[in-house]
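Let me begin by presenting the structure, written as structure tokens, before commenting on it.
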Amino acid sequence: MYTPPAFQLVDLDRAIAVMRDHPFGQLVMVDADGRPEISHLPLLVDVVDDSVIVRGHVARANPMAHAIAEGRVATAVFTGPHAYVSPDWFGDRDTVPTWNYLAVHATGRLSMLAEPDAVEALLADLSATHEAGLAPKTPWTAGKMSPGTQRRMIKGITAFTLAVDALEAKAKLSQNKTEADRVAIAAQLRHVGGGGSVAVAEWMARV
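Residue numbers for the sequence shown follow the working numbering, beginning at 11 and rising by one.
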């Protein structure tokens with residue numbers, strides 16, 4: 011990922027926060043013919059002894075399932091908050107439109123989760139993570155299903171871990187502009203409102 015020095019997000023905790031706050035990512039790899047393969051899927055991010063592990067699953071019928079079983083290299087892409095920035099918000103009239111955004115690329119080798127218990131743990135963690143966002147609703151759990159149903163259904167998926175050996179995090183948040191411009195842009199983004207614009211404004215105050 012092209013990242014000028016001013017836009018590098020070097021703080022691991024902040025990069026992990028972007029990944030966890032925006033868990034619907036893309037798993038990207040290259041097939042035998044050199045063509046990209048991309049799947050869109052919810053992902054979990056674990057940090058174990060300073061190592062970053064990404065977990066997820068694809069349909070067994072997905073061509074990526076074979077690549078996972080082979081232990082291929084892949085990149086998980088996480089797109090954080092992003093927002094359009096109007097030239098009218100700058101002090102300099104000779105400015106063009108731009109886009110502020112955060113993104114993280116996590117690259118590593120895939121491993122298939124073959125043990126049913128490990129697959130069930132992944133699915134439980136995924137549902138628990140996203141059910142928590144629906145509070146005060148009582149969280150759904152696999153225990154609400156008929157006995158044995160989930161074990162039968164997991165035969166249709168391929169679960170995986172991605173052991174991250176390269177993490178690239180980018181925060182393009184007008185760091186190359188004047189402080190006055192950055193303050194004005196953040197204020198306008200808050201005025202525009204909406205999740206993405208407000209989140210970008212909040213990130214601009216952090217970096």
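Glycine residues also receive a C-beta, built at the ideal position from the N, C-alpha and C atoms.
These numbers come from a predicted model, not from an experiment.
When burial is assigned at 16 or more other CB atoms within 10 Å of the CB, is residue i buried or exposed?
i, result
"Gly35", "buried"
"Trp109", "exposed"
"Trp213", "buried"
"Tyr12", "exposed"
"Ala69", "exposed"
"Ala124", "exposed"
"Lys154", "exposed"
"Ala95", "Contrary to the premise, residue 95 reads as Val rather than Ala in this sequence. With 16 or more other Cβ atoms within 10 Å, it is buried."
"His67", "buried"
"Met29", "buried"
"Ile48", "exposed"
"Pro91", "buried"
"Gly166", "exposed"
"Met74", "buried"
"Lys182", "buried"
"Leu144", "exposed"
"Thr148", "exposed"
"Val129", "buried"
With which residues is residue i paired in a DSSP beta bridge?
i, result
"Phe170", "Gly66 and Met122"
"His50", "Gln36"
"Ser61", "Val58"
"Leu177", "Ala116"
"Gln160", "Looking at the DSSP assignment, Gln160 forms no beta bridge with any residue, so it has no partner."
"Gln18", "Lys180"
Could you give the DSSP three-state label for residue i: helix, strand or coil?
i, result
"Thr117", "strand"
"Asp31", "helix"
"Thr108", "strand"
"Ala25", "helix"
"Trp219", "Outside the shown range of the chain (11 to 217) lies residue 219, about which nothing can therefore be said."
"Arg103", "coil"
"Met155", "coil"
"Val217", "coil"
"Arg45", "coil"
"Gln198", "helix"
"Gly204", "coil"
Beta-carbon within less than 8 Å of residue i's beta-carbon, same chain only, minus the 5 sequence neighbours each way: which residues are those?
i, result
"Ile63", "Val55, Asp56, Val57, Thr171, Leu172, Ala173 and Val174"
"Ala134", "Thr151 and Ala152"
"Gly101", "Thr188, Ala190, Asp191 and Ala194"
Which same chain residues end up closer than 7 Å to residue i when comparing Cβ atoms and leaving out the 5 residues on each side of it in sequence?
i, result
"Trp150", "Ser137 and Glu141"
"Thr89", "His32 and Ala113"
Cutting at 6 Å between CB atoms, please list the residues of its own chain near residue i, excluding the five before and the five after it.
i, result
"Ala116", "Val64, Ala86, Val174 and Leu177"
"Leu199", "Ala93, Ser207, Val210 and Ala211"
Entirely within the stretch 67 to 100 and at least 4 residues each: give me those alpha helix (DSSP H) ranges in chain order.
If you keep only unbroken alpha helix (DSSP H) runs of at least 4 residues inside the stretch 67 to 100, you get 74 to 80.
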